[in-house]
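K.L.:
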Amino acid sequence: MSNIDRRTLVKGSLAAMMAGAAFSRAAFAQSSEPILLGVSGPLTGPNAQYGAQWKQGFDLALDEIHAAGGINGRKLAYQFEDSQSDPRQSVAIAQKFVSDPRIVMELGDFSSPASMAASPIYQRGGLVQFGFTNSHPDFTKGGDFMWSTSVSQADEQPLLASYAVKRLGLKKLAVLHLNTDWGRTSRDHFVKAAKEYGAEIAVTEGYIAEERDFRSTLVRVRDANPDGLILISYYSDGALIARQARQVGLKQTICAASSVYSPKFLELGGEAVEDVHLGTRYFPEDPRPEVKKFIAGFKAKYNGQEPDAFNAYSYDAMNMAAAVLKIGGIDRRTIRDAFAKVKDVSSVIFGQATFDVESRRVKGAMNAELVVRKGQFALWDGKPT
Amino acid sequence: MGEHLDSMLSLRGLTRRFGGLTAVDAIDLDLAKGELISIIGPNGAGKTTLFNLVTGLDRPDAGTVRFEGQDITGLSPERLAAEGIARTFQLGRVFGNLSVMDNVLIGAHTRLRAVKPAVPVIGPLLELGLALLRPSSVKAEEERLREEVKAILARFGERLLPRIDQPAYSLSYANRRRVEIARALALKPRLLLLDEPTAGMNPTETAEMQALVAELKAKGLTILLIEHKLEMVMRLSDRVIVMDEGKKIAEGRGEEVRSDPKVIEAYLGHGLTGTAEQESAA
Amino acid sequence: MSSWLDYTINGLIVGNVYALVAVGLALIFGVSRLINFAQGSIYLVGAYIGWVAVVQLHTPLPLTIIVVAAAAALVGLIIERFGLRPLQNSVRIAPLLATIGISFVLDQLVMLTFSPNPRALPSQLPDVRFQLGGGTIGPLDLLIAGVGITSALLLFVFLRYSKLGWAVRAASQDRDAAMQMGVDVNRVNQAVFGIAAALGGVSGMLVGMYYNQIDTAMSLQATLKGVVAEVVGGAGNVPGAVIGSLLLGLVESYGVAVFGTSYRNLFAFLLLVVVLVLRPNGLFASARQAPPEPLTGTFIAPSRPVRIPRWALAVAAAGFAILPLFPVSFYVLQTLINAWLLGMLALSLTLVAGTIGQVSLGHAALLAIGAYTSALLSLALSVPVGLAVIGGGLMSAALGTLLISPSFRLRGHYVSIATLAIGEIVSLVILNWESVTRGPIGISGIPPLSLFGYDLISPSSVYWFSLAVIVVLALLQGRLLTSHLGRSFRAIRDDDIAARAYGLSLNRYKSLAFIFGGFAAGVSGGIAAHLYSYINHETFNTQQSILALTVVILGGLGNVVGAIVGSVALVGLPEVFRIAAEYRILIYGIVLLLLVRFRPQGLLGTI
Ligand SMILES: Nc1ncnc2c1ncn2[C@@H]1O[C@H](COP(=O)(O)OP(=O)(O)OP(=O)(O)O)[C@@H](O)[C@H]1O
Ligand SMILES: [Mg+2]
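Chains A, W and L are the protein sequences, given in the same order.
Everything in the first sequence is counted per numbering that gives the first Met the number 0, starting at 0 for the first residue and increasing by one.
Everything in the second sequence is counted per numbering that gives the first Met the number 0, starting at 0 for the first residue and increasing by one.
Everything in the third sequence is counted per numbering that gives the first Met the number 0, starting at 0 for the first residue and increasing by one.
1) So leucine 223/W packs on isoleucine 36/W, CB below 8 Å; how close in whole Å?
2) Check whether the Cβ of aspartate 194/W lies closer than 7 Å to any heavy atom of ligand 2, and answer yes or no.
3) Return yes when the C-beta of lysine 228/W is under 7 Å from any heavy atom of ligand 2, and no when it is not.
4) Looking only at its chain, what residues have a beta carbon closer than 8 Å to the beta carbon of aspartate 274/A, apart from the 5 residues adjacent to it on each side?
5) Under 7 Å: does the beta carbon of leucine 52/W sit that close to some heavy atom of ligand 1?
6) Taking only beta-carbon positions, decide if arginine 410/L is within less than 8 Å of chain W.
7) How should leucine 530/L be labelled, buried or exposed, when 16 other C-beta atoms within 10 angstroms of its C-beta is the threshold for buried?
8) Mind checking proline 286/A: buried by the 16 CB within 10 Å criterion, or exposed?
9) Just to confirm, is the Cβ distance from arginine 189/W to glycine 83/W under 8 Å?
10) Whole-angstrom Cβ separation of glutamate 246/A and threonine 354/L, contact assumed at under 8 Å?
11) Between the Cα of alanine 316/L and those of Arg596/L, Ser510/L and Val564/L, spot the shortest distance and give me the residue it belongs to.
12) Distance cutoff 8 Å, beta carbons only. Does valine 618/L sit that close to anything in chain A?
13) How many Å lie between phenylalanine 17/W and proline 59/W at the Cα?
14) Please confirm whether asparagine 201/W has its beta-carbon closer than 8 Å to some beta-carbon of chain L.
15) Looking at the secondary structure, which residues open and close the beta strand (DSSP E) in which glutamate 199/A lies?
16) Taking only beta-carbon atoms, is leucine 36/A less than 8 Å away from chain L?
17) How long is the line joining the alpha carbons of valine 120/W and serine 482/L, rounded to whole angstroms?
18) Just to confirm my understanding: we take alanine 169/L, look at its own chain, exclude 5 residues before and 5 after, and list those with CB closer than 8 Å. What are they?
19) Keeping to the same chain, check which residues put their C-beta closer than 8 Å to that of methionine 104/A; ignore five residues upstream and five downstream.
20) Distance, Cα to Cα, serine 84/A vs alanine 91/A?
21) From what residue to what residue does the beta strand (DSSP E) around lysine 32/W run?
22) By Cβ distance, which residues of its chain are closer than 6 Å to tyrosine 281/A, with the 5 residues on each side in sequence left out?
23) Which bits of chain L does valine 114/W rub up against, with CB to CB less than 7 Å?
24) Would glutamate 32/A be called buried (16 or more neighbouring beta carbons within 10 Å of its own) or exposed?
25) Buried or exposed: which applies to phenylalanine 309/A, given that a residue is buried once 16 or more other Cβ atoms fall within 10 Å of its Cβ?
26) Can you name the start and end residues of the alpha helix (DSSP H) that aspartate 140/L belongs to?
27) Report buried or exposed for glutamate 157/W, applying the criterion of at least 16 other Cβ atoms within 10 angstroms of its Cβ.
28) Is the shortest distance between the beta-carbon of aspartate 101/W and the beta-carbons of chain L less than 8 Å?
29) Just list the beta strand (DSSP E) runs in the region 75-119 of chain A, keeping only unbroken ones of 3 residues or longer that don't cross its boundaries, in chain order.
30) Is the CB of arginine 583/L under 8 Å away from at least one CB in chain W?
31) Going along the chain, which unbroken runs of the alpha helix (DSSP H) with 4 or more residues stay wholly within the region 55-98 of chain W?
32) Anything in the region 79-92 of chain A with a Cβ closer than 7 Å to a Cβ of chain L? List those residues in chain order, please.
33) Quick one: is the Cβ of proline 197/W within less than 7 Å of any heavy atom of ligand 2?
34) Name the two residues that bound the continuous alpha helix (DSSP H) containing valine 255/L.
35) Just how far apart, CA to CA, sit alanine 547/L and threonine 109/W?
36) Just to confirm my understanding: we take glycine 254/L, look at its own chain, exclude 5 residues before and 5 after, and list those with CB closer than 6 Å. What are they?
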């Protein structure tokens, strides 16, 4: 499974809007039907929860987009097809979207095998595949119709390494990572950056997603005698590791990748995740207006529920899609070209998102250094734990 | 009893234990070419287990089995089938979903030549290739065997021939027993082991079966027969062996054995008459 | 060294957790000779009922345990009464498949009710920790160990000394004889399922508390590890299951110690395969036991296959061949391409599971071998794609057969367990053998299909290509079935003992079946690799194996046309019912159950 990525908020910069305005208006004027996006993602199967989280983020973004007048007056809607994150189904869905003239752009899929299996079809069919959780380094190499706002691990991991090594002063690290394409790529980037910052990597351990028991792994970690544990994990496995680390008597500082950033991490980890450090792209008390708006809107729409990383990615993705459509119109090719033109789209993850035309990704994710204090995520105050 | 020079099958001290139970206990037996020996004994005496040991389906804990002078103890059943040993099963083991024709053709499996070239290592792959390509030699062999099967089935009169394409599971019990015997005959056995061939048959069917076995014997086939129907045993056997609790308790001509007090006791002691149908415990 | 003490303690702790599931499995196997694939689902249900009790009803622990045990027992009774009892006299494979169907249904119901998000299940025990070795253990560790060992002991005593226990043992030794002696076998079964389910439910809850986390994925994992532990200990042997579980925990823990975390499950499944090969009846059974005679198997349902005239098949094939000439959408074509690819896998599985009777639950491994071989041949050695795909087929035939060969001597459900394990092993080797397979990163940039230098890129050309391949494979397989090999395979399936007595070598013919079937599956995997351009160790997962098995059963075991019809149906129908997305797996489980119950011979009948 792949992962982690991020997205952007929709109020594209004024300049960008102006640039596209004349063209777009003409294109949009004709129909009162909503503009349709295709979403390929898991609603059932082992990754079903992520599809459900996507929907929450999409729907919130759509409410805001429509409140602000839609896409040059037209409504925006999406058609969510369940792929179960299975490449067999995502390719069929890809053909379905490609051959459906109403679909102007595709979002997803969730996992790398499912997304990248469909890429050749989108590329040949000339439909943008906008993968917002596709961190696999080769995803956007599938062709010029592949764009991604997934934070490149080449960007994210050095931030985490800097937090762990430079700010927290950890010198000898044990890295535990999910053994998936995302986890491996992340680990490699992290290790490289951490070494550059002068830390020693004592041990790295990859584990499979279904793993529940980490006690023996943690004995290996203990024997390597690190002064910090790095978790390249999702919230559920991250919480398990933190709990078991405390049970086997490891008291070292734990520093985790932003993917654990979820209220569930606190719920599942309980006291064990107290003092866990993590780098994130945004946090609740973040003074940035786009973050405030996102969190307030999310809580209002979903009964006070705190949004997590995947909610933010999908919220950003829908906003980015809207920004692109505003200048790209509803022609599939001009939409592709518009990805290169959007500038400084307001984004929870990036602050201001602009694509790097070369890599078709967005660089410069926001970074906040958090720590869990009294069962809440809080900005790290620089005090040692 | 001395070692027969023309002995086809000879068992020495054959023993098989299941946990605490000795199912076959130091059995000696010599079967001459063309001879028919019956093995009788109460339920659980170890008769079927003895058959299993001879045909390689089970391995003895002690003792030897010699077939035509060769030691075949512990050889696999596949090997022994290729040597010409065929058997039927007490409870009837036809291939339920195969047609009568196919069931009997399986009996001729060891005789396939054209499609199973005796080439080491790549033999199986050649077999696969030949089965798919089916050159004329393979077709001819298959055709010949099919004709042969029809001839074998004709021995059972109109019992099986009209049902030649029906799956075996749809046959009557007696017909399934017949298919088993036909399958054994298709192997062109040199030694035939029949485990209660008339179990579950009515008197008419039993008589037919008895005639068939007599005919096979007359043709010179060497036969080892397990049978509970004493009358048939008396008529057919050259010699009779009586087993009880794994041991051979008597051996000799039918009448001698029949009047042997040990034999009577063994049967009475188990409360069985030996003519009843015994199908429950195997 | 003190670390070894810690590894040992940790192995025993996690072994404890496995034991909870394994004991229930062993109990059920003991009586019904059935590996209950739904045991993990009961465990899941127990965990969620526990969550409702603890988090919403705030019940104290003893009451929570009683509530969970009662509710889970009820689920067990329902499964027994409506899922399995009707299958009592049906074919041997039916109850196994039914438990798989039941597990789909239960897991899906839990997911629909509670959402797939993980939940915290707080422990209700005081949070005190005791120092043990370098780490600590808590009251839950002790409670889990207590429940596992006590239940195993109680069951042991119950089986030995109580009247019902006597009946259970009698029924497990010889069901017919027990029935004649007046044992009410149904009541025995009910008792056993009730007890096993109660135990399973409580286990799920305790393990949920132990990790403070429950989610729907725990079901399959629990079943897998439980089955491994149970079979290692000797299926049906309750104390053996506990020892098997502890052993499994230790092997995993030491495996992690020596080789690292990512090798953990590899050791679990290797342990299983080694035990199955060396001591097929488990570590604590006597090594050599000839099967008693009346094993004459109704392995598959007797049936007369539906005869479809050749001209009708030819017309259907021609119809599909000209389809792309009509204005059908690419989506329809792509869906049919998926059906053809699944069809090739189903042809392979219908041969090995249907024709020769080796029900493989790890068949997706053959896809993976074919896919990786073809991808690597074309990428690393620049072999033309057409040849690379054939190379994938050959590699899958050779390597697949070699890997599966240890299971040739196994029978019945053990074959399924062994193939399941071998499938997992292949996937874990792909994950760990980074120098060749690139591990979790996977292989990207695989060139598209091409033939004689022409790239097959348009959906129509891929469609025609895969249609042509499946037609050729189906014709070949049809020809195989009418040869002496088809006859021999089916004879081995119907009665392997009688087959051996007539000179059929099981190793030889099972190998040939896997070689032929492995080729078809490998080609399917190879084509998929070039179609997707990216594969990793998750592309060909257990779900594919189960899907293929369902196709095979739907179409009719051994039935070539049935495999293709089944593939079109199982790929097509979910696409048609996309609207019911959330309910698809549920519907799928129900279809499997209904099929096993009412048409075990499949739509077109067993051949
Ligand atoms: N595989 C086995 N495991 C344990 N005990 C066995 C096995 N096979 C046979 N036995 C036991 O060995 C003894 C001999 O059985 P066998 O089937 O050889 O008797 P039999 O003389 O053929 O009886 P019947 O007339 O009923 O066919 C019986 O007590 C039987 O229960
Ligand atoms: Mg017998």
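Ideal placement from N, C-alpha and C gives every residue a C-beta, glycine not left out.
P.N.:
Looking at the coordinates:
1) Leucine 223/W to isoleucine 36/W, Cβ: 6 Å. Contact.
2) Flag set: Cβ of aspartate 194/W near ligand 2.
3) It does not: the Cβ of lysine 228/W is nowhere closer than 7 Å to a heavy atom of ligand 2.
4) Thr252, Ile253, Val370, Val371, Arg372 and Thr384, listed in sequence order.
5) Not under cutoff, so the answer is no.
6) No, its Cβ sits nowhere closer than 8 Å to a Cβ of chain W.
7) Answer is buried; the Cβ neighbour count reaches 16.
8) Answer is exposed; the Cβ neighbour count stays below 16.
9) Cβ distance < 8 Å, so arginine 189/W and glycine 83/W count as in contact.
10) It should be noted that the sequence gives glutamine, not glutamate, for residue 246/A. Not a contact, Cβ separation roughly 52 Å.
11) Nearest option by C-alpha distance: Val564/L.
12) The first residue shown for chain L is 0 and the last is 606, placing residue 618/L beyond what the model contains.
13) Cα-Cα distance, rounded: 11 Å.
14) Not one beta carbon of chain L lies nearer than 8 Å to the beta carbon of asparagine 201/W.
15) It spans 199-206 - the beta strand (DSSP E) in which glutamate 199/A sits, taken as one unbroken run.
16) With 8 Å as the cut-off, leucine 36/A does not count as an interface residue toward chain L.
17) A direct Cα-Cα distance of roughly 21 Å separates valine 120/W from serine 482/L.
18) Excluding positions up to five away in sequence, the list reads Ala176, Ala177, Met180 and Val182.
19) The answer, listed in chain order, is Leu36, Gly37, Leu126, Val127, Phe129, Ala320, Val323, Leu324, Arg331 and Ile334.
20) Each residue's alpha carbon lies about 12 Å from the other.
21) Lysine 32/W -> no beta strand (DSSP E), and no H or E assigned at all.
22) Non-local C-beta neighbours of tyrosine 281/A in its own chain, meaning closer than 6 Å and more than five positions away in sequence, comprise Val290 and Val347, ordered along the chain.
23) What valine 114/W touches in chain L: His483.
24) It counts as exposed.
25) That one is buried.
26) Note, aspartate 140/L: alpha helix (DSSP H), 138-160.
27) Glutamate 157/W comes out exposed.
28) At least one beta carbon of chain L lies nearer than 8 Å to the beta carbon of aspartate 101/W.
29) You should have 75-81 and 102-107.
30) Not one chain W Cβ lies under 8 Å of arginine 583/L.
31) As far as the region 55-98 of chain W is concerned, its whole alpha helix (DSSP H) runs of at least 4 residues are 76-82.
32) Within the region 79-92 of chain A, Glu80, Asp81, Pro86, Arg87, Val90 and Ala91 place their CB atoms closer than 7 Å to a CB of chain L, listed in sequence order.
33) Inspection of the sequence shows that residue 197/W is occupied by threonine rather than by proline. No, since every heavy atom of ligand 2 falls outside the 7 Å radius drawn around the Cβ of threonine 197/W.
34) Looking at the DSSP string, the run of the alpha helix (DSSP H) that includes valine 255/L is 237-258.
35) A direct Cα-to-Cα measurement between alanine 547/L and threonine 109/W gives close to 35 Å.
36) These residues qualify, in order along the chain: Tyr262, Arg263 and Phe266.
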